[in-house]
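If you read the sequence shown in UniProt numbering, its first letter stands for residue 1, the second for the next number, and so on.
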Amino acid sequence: MKKDDPIHKDKSRESKSDSESESESDSESKTEDTEDSEYKEEAEETSEDIEDTEDTEEYIIDKGCNNLFNKDCQNEIINDNPANQDNPDNYFNKYQEENNNQMIYLILNTNAKNARNAKRNNNVLNLNKHPINKKTYRFYNKYSSVEKKYFDVLSDADKTKLIDNEDIIEKTTITYDVPMRFKILTSDINIRTKKSIIWKIESLNKMNSNSSEYYKLSSWISSLNNIPFNKFYEIPIKIADGNDKICNFLNNIRARMDETIFGHKDAKEQIVRVLAQLISFPKANGYIIGIQGSAGVGKTKLIKEGICNALNYPNAFISLSGTDDSSFLKGHSYTYEGSTYGKICESLMKTGIMNPLFLFDELDKVSNTYKGQEIVNTLIHITDPVQNDKFNDRYFEEIDFDISRSMIIFTYNDDSLINPILRDRMIVINVSGYDNDEKIVLASGYIIPEILKQYNLNDGDIIFSNELLRHIINNIEKEDGVRNLKRAINNIVSWINMMIYVPTDLIKISLPYTVSQTFYDTYCKKYSCNSSISAKHNSIYL
1 MKKDDPIHKD KSRESKSDSE SESESDSESK TEDTEDSEYK EEAEETSEDI
51 EDTEDTEEYI IDKGCNNLFN KDCQNEIIND NPANQDNPDN YFNKYQEENN
101 NQMIYLILNT NAKNARNAKR NNNVLNLNKH PINKKTYRFY NKYSSVEKKY
151 FDVLSDADKT KLIDNEDIIE KTTITYDVPM RFKILTSDIN IRTKKSIIWK
201 IESLNKMNSN SSEYYKLSSW ISSLNNIPFN KFYEIPIKIA DGNDKICNFL
251 NNIRARMDET IFGHKDAKEQ IVRVLAQLIS FPKANGYIIG IQGSAGVGKT
301 KLIKEGICNA LNYPNAFISL SGTDDSSFLK GHSYTYEGST YGKICESLMK
351 TGIMNPLFLF DELDKVSNTY KGQEIVNTLI HITDPVQNDK FNDRYFEEID
401 FDISRSMIIF TYNDDSLINP ILRDRMIVIN VSGYDNDEKI VLASGYIIPE
451 ILKQYNLNDG DIIFSNELLR HIINNIEKED GVRNLKRAIN NIVSWINMMI
501 YVPTDLIKIS LPYTVSQTFY DTYCKKYSCN SSISAKHNSI YL
């Protein structure tokens, strides 16, 4: 075929055209890649700037959108509609205002190509002018359309609160419970006990889930799994911290007790000495303490404020008043339907440690019967330093629980009713009663402010003179403590609080109000005397 053949010429032209087309395509591709690279670098620089700032909407728009959009996109936007050429600034400003959120989203994700083509994306996110940052978009993009609609109409404060909570949840590490088998294998309990527990776990796996035995054994294993094996409370200061820090620590505890409890100087000093000993040897066997004193002198409060709250010490309150069966403390065998563990194991579960502070209240009120003596024998066992590392609960059968490092505190009124063996194991702290002058100081500085808070009243809204307090003390049942005095003061405040809302013809209440003896005698005295009506009425204020 000749070279000047028309067909040959056409093919030559086609080949040349294809070659030129490929060349142009490659050139465009290179140009586009170069542009993408430039935009990518610029976007990354913008993103780095954003990292070092407060991430406010204004900053991102000024630094981000202007860098990425003003160079190429503005001309492209204007050229889309020739009419816009007459007033390009206004058009672009309007476009930018409508698409700020989408622009910001694209900038933060450093996708230059999408940023360059932002004007073509109609999915403009509207966050109701809420300050936009990476954190907001990270969670907003996970929301469904219904959730987005709800979020959009919230106030800025509510949006901020929700996003902050989303962030907290995302950063929270979920720790899964260790399976019972592995928890037992890594515990400090003896090999024989471990083998017994593992055998029961394997037996449960082989049982029919519809059988009654399966339910009982499943409950047993689930309950045992709540025992905090190998977990112990440690006092927040150590001997290695030095004498100065220890001194400040103990002084702060003493000051805290003085702020919340009036008097009892000797008792407070004994508590501080016990704590100092605990700092010196924190892993020693637990301390056995007895707090003896009349009703209403602040025995329980002394322990809760002086030790539990001051040290943030997990504690278990167990009232012994009227108890007459050792199963109260030691539980029942799990083979019985509806059986459960006793108060000792329950306390270990609730506090989450193996050495909580056990506070046994009203030791002298244990039933004076044969079964009541079983309760006392159990208490003797758990206070015996030779045996209390092997406490047994009937529900958990052969399993030994080491409670030897627990602090055990008893409160009681009558020393003569305490078993001598048990009393001999205690560090006894005597809490004395108050005389009349001390009661007046206690009422003015502690009781009255405390009661006023319960009625949302301020100090000084209701004024009690010392003469009135002495008059009240002389007209209530005699006592070493201040329970009756507290009831009488509460009774007065209750009357005045009612009269503020329901005025009477006889008396008009306006704050501050000074309580007179006449007021007390008229409205409150009959409920403060030692009588059956007094006991019945005042019980509602206890």
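Cβ atoms here follow ideal geometry from the backbone N, Cα and C, with glycine treated the same way.
### Euclidean distance between Cα positions of K200 and R192
13 Å
### Message
Contact between the segment 446-460 and the segment 406-425 is defined here as three or more beta-carbon pairs at a separation below 8 Å; is this criterion met?
### Response
In this structure the segment 446-460 does not touch the segment 406-425; the number of beta carbon pairs closer than 8 Å is below three.
#### Entry: Where R273 falls, given that 16 or more other Cβ within 10 Å makes a residue buried
exposed
### Beta-carbon separation (whole angstroms), I344 vs D402, contact threshold 8 Å
I344 to D402, Cβ: 12 Å. No contact.
### Task
Give the DSSP-derived three-state secondary structure of N225 in the structure shown.
Three-state DSSP puts N225 in coil, outside helix and strand.
### Message
Taking the alpha carbon of L224 as the reference point, which residue from I440, D241, S144 and I189 has its own alpha carbon closest?
### Response
I189
### Query
Cβ of S155 less than 8 Å from any chain C Cβ?
This model lacks chain C altogether, as it is built from one protein chain only.
#### Entry: Contact set for K365: own chain, Cβ-Cβ below 7 Å, skip 5 residues either direction
L320, S321 and G322
### Query
Looking only at C-alpha atoms, which of I288, N312 and D167 sits nearest to Y233?
The residue with the shortest Cα to Cα distance from Y233 is N312.
### Query
The beta strand (DSSP E) spanning I291 covers which residue range?
I288 to G293
### Start and end residues, beta strand (DSSP E) containing T357
The displayed chain sequence assigns Leu, not Thr, to residue 357. It spans L357 to D361 - the beta strand (DSSP E) in which L357 sits, taken as one unbroken run.
### Task
Determine the DSSP secondary structure at residue 545, reduced to helix, strand or coil.
Any answer about residue 545 is impossible in this case: the structure gives the chain only from 1 up to 542.
### Task
Note down the Cα distance separating P131 from D152, rounded to an integer number of angstroms.
Because the pLDDT of P131 is 48, which lies under 50, any placement of that residue in the model is unreliable, and the question is left without a value.
### Task
Go ahead and label I184 buried or exposed: buried means 16 or more other beta carbons lie within 10 angstroms of its beta carbon, across all protein chains shown.
buried
### Query
If we ignore side chains and look at the alpha-carbon of each, how far apart do V484 and C524 end up?
First, the residue type needs correcting, since residue 484 is Asn and not Val in the sequence shown. Using only the alpha carbons, I get a separation of about 13 Å.
### Task
Please state whether DSSP places C65 in a helix, a strand or coil.
Confidence in C65 is poor, its pLDDT being 42 and thus under 50, which makes the residue's placement unreliable; the coordinate value appears in the next sentence. Correct three-state label for C65: helix.
### Task
Go ahead and label V502 buried or exposed: buried means 16 or more other beta carbons lie within 10 angstroms of its beta carbon, across all protein chains shown.
Around the C-beta of V502, fewer than 16 other C-beta atoms lie within 10 Å, and the residue is accordingly described as exposed.
### Query
Taking just the CA atoms, how far does L278 sit from I418?
26 Å
### Query
Is there contact here, the segment 379-397 with the segment 327-342, by at least three beta-carbon pairs under 8 Å?
yes
### Message
Could you compute how far the alpha carbon of A443 sits from the alpha carbon of C247?
### Response
31 Å
### Task
Leaving out five residues on either side along the sequence, give the residues of the same chain with a beta carbon under 8 Å from the beta carbon of D414.
D364
### Query
Within this structure, are the beta carbons of M257 and K245 separated by less than 8 Å?
no
### Task
Please say whether P228 and M354 have beta carbons closer to each other than 8 Å?
yes
### Query
Quick one: what does DSSP say D354 is sitting in, helix, strand or coil?
Looking at the sequence shown, residue 354 is not Asp but Met. Reduced to three states, the DSSP call for M354 is coil.
### Query
Can you tell me whether DSSP reads V502 as helix, strand or coil?
coil
### Task
Determine the direct distance from the alpha carbon of I463 to that of A284, and round the result to whole angstroms.
50 Å
### Task
Check whether the segment 208-215 touches the segment 280-294, taking contact to mean three or more Cβ pairs, one atom from each stretch, closer than 8 Å.
By the Cβ rule, the segment 208-215 does not count as touching the segment 280-294, because fewer than three pairs are nearer than 8 Å.
### Query
Below 8 Å between beta carbons: does that hold for V431 and G298?
yes
### Query
Can you list the alpha helix (DSSP H) stretches of 4 or more residues lying completely in the segment 430-510, in chain order?
436-442, 448-454, 466-475 and 483-501
### Message
Which residue marks the beginning of the beta strand (DSSP E) containing S319, and which one marks its end?
### Response
N315 to S319
### Query
Taking the C-alpha atoms as reference points, what is the distance between F262 and S494?
24 Å
### Task
Reducing DSSP to helix, strand and coil, say where E51 ends up.
Annotation note: pLDDT 41 at E51 (below 50); position unreliable, no value reported.
### Buried/exposed call for T522, threshold 16 Cβ in 10 Å
exposed
### Task
Give the single residue among T351, I496 and N497 whose Cα lies nearest to the Cα of K231.
T351
#### Entry: Member of T260, Y513 and F410 whose CA lies at the smallest distance from the CA of F317
F410
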